[in-house]
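A short worksheet on the structure shown next.
There are 2 protein chains.
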Amino acid sequence: MDTLSDASLLWTRTGWRGDAGLDVAGGRIAAQLPAGPGGHGDWVLPGVPNLHSHAFQRAMAGLAERQTHPQDSFWTWRETMYRIAARFDPDSLQAVAAQLYAEMLEAGYTTVCEFHYLHHAPDGRPYAEPAAMSQALIAAARETGIRLTLLPVLYMSGGFDRRPLSARQRRFGHDLDGFLRLFEALRAGEDERLRVGVAFHSLRAVPPEAMSAALAALPAGIPLHIHVAEQIGEVQDCLAVRNARPVEWLLEHAPVDRHWTLVHATHLTAEETAGIAASGATVAICPTTEANLGDGLFPLRAYLDAGGAWGVGSDSHISVSPVEELRWLEYGQRLHTRHRNIAVGGEGDSVGETLLHGTLASGANASGQAVGVLAPGMAADWIALDAQAPAFAGAQPADVVDRWLFSGNRNLVREVRVAGEVVVSAGRHRAAETIAARYRHVVARLLAD
Amino acid sequence: MDTLSDASLLWTRTGWRGDAGLDVAGGRIAAQLPAGPGGHGDWVLPGVPNLHSHAFQRAMAGLAERQTHPQDSFWTWRETMYRIAARFDPDSLQAVAAQLYAEMLEAGYTTVCEFHYLHHAPDGRPYAEPAAMSQALIAAARETGIRLTLLPVLYMSGGFDRRPLSARQRRFGHDLDGFLRLFEALRAGEDERLRVGVAFHSLRAVPPEAMSAALAALPAGIPLHIHVAEQIGEVQDCLAVRNARPVEWLLEHAPVDRHWTLVHATHLTAEETAGIAASGATVAICPTTEANLGDGLFPLRAYLDAGGAWGVGSDSHISVSPVEELRWLEYGQRLHTRHRNIAVGGEGDSVGETLLHGTLASGANASGQAVGVLAPGMAADWIALDAQAPAFAGAQPADVVDRWLFSGNRNLVREVRVAGEVVVSAGRHRAAETIAARYRHVVARLLAD
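Following this line, the structure appears as structure tokens:
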């Protein structure tokens, strides 16, 4: 089946269209067609890009909610994360990533930007095949059908003071030459659903001259991601060593433009907020992880007012749902300001529409792929919401997106396609049972070690 | 089937028990039995009490997320709510409540405290059967099997200044005699799954002498609920007219004890926080609604330190899930304090265990029913979590509750019983299709009017 023309409604930048179908060829949308006679009547939207993922962390969801320190924080959570990270090998990484990616597809994410730093064996030595862990992620993406932007992470030092990596960080590390070899090897395998970019782990993990040298050596136009300003402690350390706040430093010393994605960017001055917006970079906001880790709230309203680009990521995967990310992005602002309807658009868009437009619009730049819009030449990646669900009773086009994002807890995604291929139908991934069975087995062994 | 004895694990105040089954008679737990031979191996917990519900609002979930005012707030949201409230009659109320209660059961709520103020016809005149709207809620509860504590609401004035009810509030109103007649009529219909209490809408809607007169006329020991201190505006108005903050006034002028449930209690001084805890009253916290309405954050940590009783309610039903309520109760605190693991117990309980113990422990007082503990003499109301779900891969008893509350978005509730009767199996309510079909029809008509 290569065509959507069954009288569903199509979401576009200017609202729902009832008069168009989609013709698909080679995984792309070939043309918009006149709609055919009545069919299921779903609400059809572009798949949601997931801008930030550490796949292995899916296996520790729910395992860090017990007090380990009188003042638990991001830094105590990181201890649990390192302990579990140390147990992965390529097979277990593939099993966990496949479960995660199937869950993402069922939830309506069709592209994932994988911020991947688990490169080497647990003792820090490269695998015989140095890209083995990256290949495990690529294999998981292929198994599930999700579109992948793989971002191998450059991770060189343990702090702003350039201390060497700790024993537990050693499997994350590369020198620049080794990293560039990994990047080139992965890049040679790009295909219709796989794009390779690069991530700098953070300013504390990449010294300034290494970042410059990497940027000089890398091809122009690839997606570049970096964790920045997630924690107050990081802001303070950066100020102490580099005499500037993290975002301030980055905007001044790196060629930040629309190819860059700044992950979190939680702690910003007004100047930094405006500076990111003006640069054209995307902010990857991760509301559920930032809440779980106690990071803080992104200054959403000011950033929207400055015209900034942004999207969401599920990051640590304590939640795997664009609904929960977008809902709580808005709700966090409401709790803080004690007003309602914060993320409203300039053209009468509702909160849901503004949030969805924002996160779709950033997908192409952040992922380096032709996603986020259903139009000729773009990827045939879409999700169909179940118009028969009780949540849509009496729905009008103008309230469909708000109902999806702000009504109830059932997953309303009925069908999902990536590159035209059906990967989820009746709400279930085509290989959900097999992937889940392997996941249960692998994780039980992983946690028992 | 009257017995649970298939080697599932039972949640108790002191942890999971693997050595006990449950024998049920007359809807109550008759005895704890030795566990039988291995069965499905679910995780079995008491059903969660939902301490606060306005059933009709389920039909407007997702319909108030569009800007109607330059500074949208609780008060602009209330306009939408009044407009939709005006459209209900007993049949449509039953259809909407049945859908809602089926959703609650599927999510793991087995008892609902219904704070019911939609008493009369839209023009404010009583129905020929004055309890018709209450009877619609009772019928919806019977259809779905949920345990109901019905709280007819006394609503007399439109503000602290005793202004009369507005045209749109008139269908909520009673004089005291009419209200007491309604209460007595409903009370005569109590049965194993139905208890009748009373709610005072709020301090602004019930003048002091009316509250005193009602309390003098009502039987002792019934559940008493009241909305209090949800909004800063309400605190200011109360201060201006009664020369005290709402909770301060209530603790001073009403015999607040364990039979009372204070709904929201968001804006508290340290003295008020300690005062509620000392009174034995329960606070019904409604995290998703309080976020949607921009109310603010309840001072959870201080209240836990004072030993206060609390539970959760889904209130406006923009979410119907104890998972989302409890998760975001904790996450709101983390975002505010920038620390993790705030609601931890004194005895090494994890965040999930502390939250679940708290909300279960308050159920009996708040609902006036024998719920919240699986022990002889208590209601046979329980939920079984699906131990085969990927979210429980490699689970140990000590992390089951955290995984339920802090991992992913799938509903993990497999089976639900109320008074021993299976109402949800394989995650679906026994009448889900029929109830949903009627709901879609009724809501489409309701919104089209």
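Quick note, the sequences are listed as chains A and B, same order. For the first sequence, this note's numbering gives the first residue as 1, with consecutive numbering after it. For the second sequence, this note's numbering gives the first residue as 1, with consecutive numbering after it. Glycine residues also receive a C-beta, built at the ideal position from the N, C-alpha and C atoms. Note that the structure is a prediction, hence the values are computed from the model and not measured.
Just tell me which of the options has its CA closest to the CA of residue i.
{"i": "B:R17", "options": "B:L33, B:G377, B:G420", "result": "B:L33"}
{"i": "B:F160", "options": "B:G233, B:A95, B:R171", "result": "B:G233"}
{"i": "B:D89", "options": "B:D123, B:G15, B:M104, B:L180", "result": "B:D123"}
{"i": "B:G313", "options": "B:L251, B:T261, B:S212", "result": "B:T261"}
{"i": "B:D72", "options": "A:R58, A:S73, A:A343, A:R168", "result": "A:A343"}
{"i": "B:A370", "options": "B:P152, B:A61, B:E192, B:V44", "result": "B:E192"}
{"i": "A:A217", "options": "A:L182, A:L239, A:P246, A:H116", "result": "A:L182"}
{"i": "A:R168", "options": "A:R162, A:H441, A:R334, A:G158", "result": "A:G158"}
{"i": "B:A131", "options": "B:E114, B:P152, B:G145", "result": "B:P152"}
{"i": "A:V263", "options": "A:G408, A:I276, A:P255, A:A31", "result": "A:I276"}
{"i": "B:L100", "options": "B:A86, B:Y127, B:R66, B:H52", "result": "B:H52"}
{"i": "A:H253", "options": "A:H227, A:V283, A:P208", "result": "A:P208"}
{"i": "A:L297", "options": "B:G296, B:L180, B:G332, B:P246", "result": "B:G332"}
{"i": "A:Y362", "options": "A:D257, A:S425, A:F200", "result": "According to the sequence displayed, residue 362 of chain A carries Ser and not Tyr. The candidate whose alpha carbon is nearest that of A:S362 is A:D257."}
{"i": "A:V320", "options": "B:G408, B:N50, B:D177, B:A188", "result": "B:G408"}
{"i": "A:W382", "options": "A:W43, A:G15, A:A31, A:A25", "result": "A:W43"}
{"i": "B:Y439", "options": "B:G26, B:P49, B:A102", "result": "B:A102"}
{"i": "B:L45", "options": "B:R87, B:R204, B:G15", "result": "B:G15"}
{"i": "B:T354", "options": "B:Q231, B:E330, B:T337", "result": "B:E330"}
Using the C-alpha atoms, what's the distance from residue j back to residue i?
{"i": "B:H339", "j": "A:A64", "result": "13 Å"}
{"i": "A:G38", "j": "A:G21", "result": "Note that A:G38 scores 47 on pLDDT, short of 50, meaning its location in the model is unreliable; the coordinates nonetheless yield the value given after this. So the alpha carbons of these two residues sit roughly 11 Å apart."}
{"i": "A:A380", "j": "A:I29", "result": "5 Å"}
{"i": "B:A95", "j": "A:L150", "result": "49 Å"}
{"i": "B:G345", "j": "A:R327", "result": "29 Å"}
{"i": "A:E347", "j": "A:A229", "result": "31 Å"}
{"i": "B:H54", "j": "B:Y117", "result": "8 Å"}
{"i": "B:A389", "j": "B:L412", "result": "7 Å"}
{"i": "A:A366", "j": "A:P223", "result": "6 Å"}
{"i": "B:L93", "j": "B:A59", "result": "10 Å"}
{"i": "B:R445", "j": "A:G108", "result": "30 Å"}
{"i": "B:A139", "j": "B:L148", "result": "10 Å"}
{"i": "A:H120", "j": "A:L447", "result": "20 Å"}
{"i": "B:L10", "j": "A:D399", "result": "43 Å"}
{"i": "A:M104", "j": "B:Y155", "result": "47 Å"}
Is it buried or exposed, residue i, if we count other Cβ atoms within 10 angstroms and call 16 or more buried?
{"i": "A:S166", "result": "exposed"}
{"i": "A:N243", "result": "exposed"}
{"i": "A:W75", "result": "exposed"}
{"i": "B:M133", "result": "buried"}
{"i": "A:D19", "result": "exposed"}
{"i": "B:T68", "result": "exposed"}
{"i": "B:G173", "result": "buried"}
{"i": "A:V422", "result": "exposed"}
{"i": "A:R171", "result": "buried"}
{"i": "B:G372", "result": "buried"}
{"i": "B:H429", "result": "buried"}
{"i": "A:S202", "result": "buried"}
{"i": "A:A395", "result": "buried"}
{"i": "A:P376", "result": "exposed"}
{"i": "A:D305", "result": "exposed"}
Examine the ligand GTP and report whether any of its heavy atoms sits within less than 7 Å of the Cβ of residue i.
{"i": "B:A128", "result": "In the structure on display, the ligand GTP does not appear, and there are no ligands present to speak of."}
8 Å is my cut-off, CB to CB: does residue i come that close to chain D?
{"i": "A:D237", "result": "In the structure shown, chain D does not exist; the protein chains are A and B."}
Listed from N- to C-terminal order along the chain, which residues in the region 308-324 of chain B have their beta-carbon within a distance smaller than 7 Å of any beta-carbon of chain A?
-> So the list reads I318, S319, V320, S321, E324, given in the order they occur along the chain.
Quick one: which unbroken alpha helix (DSSP H) runs of 4-plus residues sit fully inside the region 211-276 of chain A? Chain order, please.
-> 232-242, 246-253
Chain A contacts from the region 427-440 of chain B (Cβ-Cβ distance under 7 Å) | Shown in chain order are the members of the region 427-440 of chain B whose Cβ falls below 7 Å from a Cβ of chain A: A436, Y439, R440.
What residues in the region 366-397 of chain B bring their beta carbon closer than 9 Å to a beta carbon of chain A?
-> For the region 366-397 of chain B, residues whose beta-carbon sits nearer than 9 Å to a beta-carbon of chain A comprise Q388, A389, P390, A391, F392, A393, G394, A395, Q396.
Chain-ordered residues of the region 344-364 of chain A with a beta carbon less than 7 Å from chain B = V344, S350, V351, G352
Selection of the region 77-102 of chain B by Cβ proximity to chain A, strictly under 7 Å = W77, Q99
Please specify which runs of the alpha helix (DSSP H), each continuous and at least 4 residues long, are wholly inside the region 373-425 of chain B, giving them in chain order.
-> 400-406
Between the region 331-342 of chain A and chain B, which residues of the former have CB atoms less than 9 Å from a CB of the latter, in chain order?
-> Y331, G332, Q333, R334, L335, H336, T337, R338, H339, R340, N341, I342
Chain B contacts from the region 221-234 of chain A (Cβ-Cβ distance under 8 Å) | I232
Closer than 9 Å, Cβ to Cβ, to anything on chain B: give me those residues from the region 403-416 of chain A, in chain order.
-> In summary, the residues of the region 403-416 of chain A whose CB is separated from some CB of chain B by less than 9 Å are R403, W404, L405, F406, S407, G408, N409, R410, N411, in the order they occur in the chain.
Sequence ranges, beta strand (DSSP E) only - wholly within the region 31-69 of chain B, length at least 3 | 43-46, 48-53
Which runs of the beta strand (DSSP E) spanning at least 3 residues fall entirely within the region 270-320 of chain B, listed in chain order?
-> 282-285, 309-312
Completely contained beta strand (DSSP E) runs for the region 95-144 of chain A, where each covers 3 or more residues = 109-116
Proximal residues, the region 44-63 of chain B versus chain A, C-beta separation under 7 Å = A61, G62, L63
Segments of 3+ residues assigned as beta strand (DSSP E) that fall wholly inside the region 153-208 of chain A | If we require 3 residues or more, the beta strand (DSSP E) runs fully inside the region 153-208 of chain A come out as 194-196, 198-200.
At a Cβ cut of 9 Å, what residues of the region 135-155 of chain B count as close to chain A, listed as they run along the chain?
-> Taking 9 Å as the upper bound on Cβ-Cβ separation, chain A lies near no residue of the region 135-155 of chain B.
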